[in-house]
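Chains as they are written, first to last, in the UniProt record's numbering: chain B, 1 to 347; chain Y, 1 to 347.
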DNA sequence: TTGTAAGCGTTATCAC
DNA sequence: GTGATAACGCTTACAA
């Protein structure tokens, strides 16, 4: 077994209180005793017992992060940024994959709650469902009651909870993107939306529709199909879209992963991108610049947003200033050109 | 504050021991009392105090995972698989990014050690440095001494440590890949290796060299430069390679990320891939199939390997059967063609 | 089947 | 400055 505080105290000829003091440096200790304790600590290879400390001090060194799936870069980037941020305070990050399942989300929320983590960051869009929202709200309030800081990153706070939010401007980003496609001269534009009943899906779709409306594009000329934000669902969606009435000259996907799937499907079908069909995405994941043609998309400050959320969760940043809005930036690359046109530039 | 076991016990008119029993279901409890306890539990919204339980039972519900960087898909995929695996036992996964820094690795090792996590999985190549190896070994042994299961995934165990390893056959994979490039007729082949002093770099490089040797290719015709496994370092490496003596007709990168960087650099330089220069990668990340031309690479079973490691770390799988070797599979796609040749097939 | 009580290894409040 | 010592909330012999 490992040495305990008592072992160290005995060896150094002091009380456990003193050892605790030199360990935490929160109370004055005489230089000489301090040295002796330090020596004993080293000789015994003492390692603090985290759970014991957590119990006594009623606070842990852990932050919980709830994501859909870390292996999806959209979440991986956020998880990475958050981990790096909290690491600066020597805190640990536990990452939970919900696979988008509301019940998993609740399960992890309570698992984190039981661990008495210092803070919890919920990322990604939330399920738009009153019952689930209420259940989430209850757990969040319970967490807050035991002193856990809860932060929402990329989703609104459920009704009835007061919690800081880091919000990405999905709607404005989507409007800017669709507006760009329209300005390039497209009038028949397919849209691959995210899964139904998801706040992110809703926001991006709303932005898209706003741009269509302002351009006076008829609904019939702008078919919408739903995917689930995965690459494969984008592939399938593109197939459905091309079977739909009236060929579109551009397809906008609600995220880059689906856009990649769309491009693969078009390629497979022998449709040349962007000459015969333009494609656009959303998020600006690293692969968006490595695919060919490079993807026109919308950049979201995922890493810095997550870091911000992390700082709030650790208490480093105050949450009093209300929600943090982070802008989205249109990134014009090579995958969107004028209908029947050529690539914007050679690469 | 939250309700404690004592609160529940009082409410149900039983002792804390009984409540603990129904909670853990490890001792018989009469149906009637059981019901009363369950009711009390629900009425008070009781939530177990993880740290207290961990202290008393001296075991936590957490598994630690050490990676270079979760936002790198190579690690993100492993982290995701591992998290999903341990979730099946209702365990939490704490993810630590070391950014490849040995000192961070040691720091996290002891942070996890202090948390008394159930298991620790170390992923990715290890630093080949005697001093660091010894320090790691010491911490691992210390962890094992407190009952923490340590598993290595994608790296050998440090000298003097007895620990289960999940190993990817990097060397054989690299040999197969270079052999393929050679068989396509290339004789001047550039290689972008990983960072020096890393076990993965060494293994892949060894495999590459073995294939060159068996083909009788001179060292002068096969320049080697080092990157750090990041996309940008691949970009830089390609620039250095093209400035090197004697133009190569193919560039093999030690991982897909660097291969993507190489392709971007070649594109930028106006070199057409694969017609003027073939490119190959390693890992088979999702983006390898979405870039154009699709990348010829080597597939590593990252997800299943990580799950396997997770199962060993949780004690679900025994570790007695020695190291688990996972094969690497050559994936021939479109980025490698005969020198001066055309794409293997249209996509 | 249930209760009592002794830990588990810290932290923190008092005294001294 | 330093030492006792009482929490912290749970598990688990040991009794009953």
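Think of the CB as a built atom: it goes at the ideal place given N, C-alpha and C, for glycine as much as any other residue.
- Under the Cβ criterion (8 Å, minimum of three pairs), the segment 189-196 of chain B counts as touching the segment 250-261 of chain B.
- The segment 137-178 of chain B is shown to contain no whole alpha helix (DSSP H) run of 4 or more residues.
- In the DSSP assignment, the residues bridged to residue 297(Y) are 331(Y).
- In this structure residue 294(B) is buried. Its beta-carbon is surrounded by 16 or more other beta-carbon atoms within 10 angstroms.
- Residue-level contact check: residue 114(B) touches chain Y, since one or more beta carbons of chain Y fall below 8 Å from its beta carbon.
- The alpha-carbon of residue 323(Y) is positioned some 16 Å away from that of residue 124(Y).
- Here the C-alpha atom of residue 71(Y) lies approximately 46 Å from the C-alpha atom of residue 18(Y).
- Under the Cβ distance rule, residue 90(B) counts among the residues neighbouring chain Y, one pair being separated by less than 8 Å.
- The C-beta distance from residue 121(Y) to residue 153(Y) rounds to 5 Å, short enough to meet the 8 Å contact threshold.
- Each of 259(B), 308(B), 271(B), 264(B) was checked against the Cα of residue 284(B), and the nearest Cα belongs to 259(B).
- Looking at 231(B), 338(B), 173(B), 132(B), the one whose alpha-carbon comes closest to that of residue 287(B) is 231(B).
- In the DSSP assignment, residue 208(Y) falls outside any beta strand (DSSP E) and within the unbroken alpha helix (DSSP H) covering 199-215.
- With a threshold of 16 other beta carbon atoms within 10 Å, residue 159(B) falls short and is exposed.
- Selection 173(Y), 277(Y), 151(Y), 291(Y) evaluated against residue 315(Y) yields 151(Y) as nearest (Cα-Cα).
- For the UniProt domain "HTH lacI-type" (3-57) of chain B, residues whose beta-carbon sits nearer than 7 Å to a beta-carbon of chain Y comprise 45, 47, 48, 49, 50, 51, 52, 54, 55.
- Taking 8 Å as the upper bound for CB-CB distance, residue 199(B) and residue 156(B) are in contact here, some 6 Å apart.
- Taking 8 Å as the upper bound for CB-CB distance, residue 47(Y) and residue 114(B) are in contact here, some 5 Å apart.
- The continuous beta strand (DSSP E) containing residue 279(Y) extends over residues 278-280.
- When Cβ pairs closer than 8 Å are counted between the two stretches, the segment 272-281 of chain B is seen to touch the segment 325-340 of chain B, the count reaching three or more.
- Close CB contacts of residue 262(B) within its chain, under the 6 Å cut and outside five residues either way in sequence, are with 234, 238, 251, 253, 279 (chain order).
- Residue environment for residue 222(B): buried (at least 16 other C-beta atoms within 10 angstroms of its C-beta).
- Contact with chain Y is found for residue 83(B), since one of that chain's Cβ atoms lies less than 8 Å from the residue's Cβ.
- Bridge pairing for residue 93(Y): 95(B), 63(Y) [DSSP].
- In this structure the segment 94-105 of chain B lies against the segment 63-81 of chain B, because at least three pairs of beta carbons, one per stretch, are closer than 8 Å.
- Comparing alpha-carbon positions, the option among 218(B), 119(B), 220(B) lying closest to residue 309(B) turns out to be 119(B).
- When the beta-carbon positions are compared, residue 39(B) and residue 3(B) stay at least 8 Å from each other.
- At a beta-carbon threshold of 9 Å, the residues of chain B lying near residue 231(Y) are 286, 290, ordered along the chain.
- In the three-state DSSP reduction, residue 271(B) falls in the coil class, being neither helix nor strand.
- Contact residues of the segment 233-260 of chain B toward chain Y are 260 (C-beta to C-beta distance below 7 Å).
- With contacts defined as CB atoms closer than 8 Å, residue 225(Y) and residue 241(Y) qualify as a contacting pair.
- In the DSSP annotation of this structure, residue 18(B) is not part of any beta strand (DSSP E); the continuous alpha helix (DSSP H) holding it starts and ends at 16-24.
- Relative to the Cα of residue 80(Y), the nearest Cα in the group 218(B), 73(B), 265(B), 326(B) belongs to 73(B).
- The three-state secondary structure of residue 319(Y), taken from DSSP, is coil.
- At least one CB atom of chain Y sits nearer than 8 Å to the CB of residue 97(B).
- Proximity of chain B to residue 77(Y) at the Cβ level (cut-off 8 Å) is accounted for by 71, in chain order.
- DSSP, read as helix, strand or coil, puts residue 283(Y) in strand.
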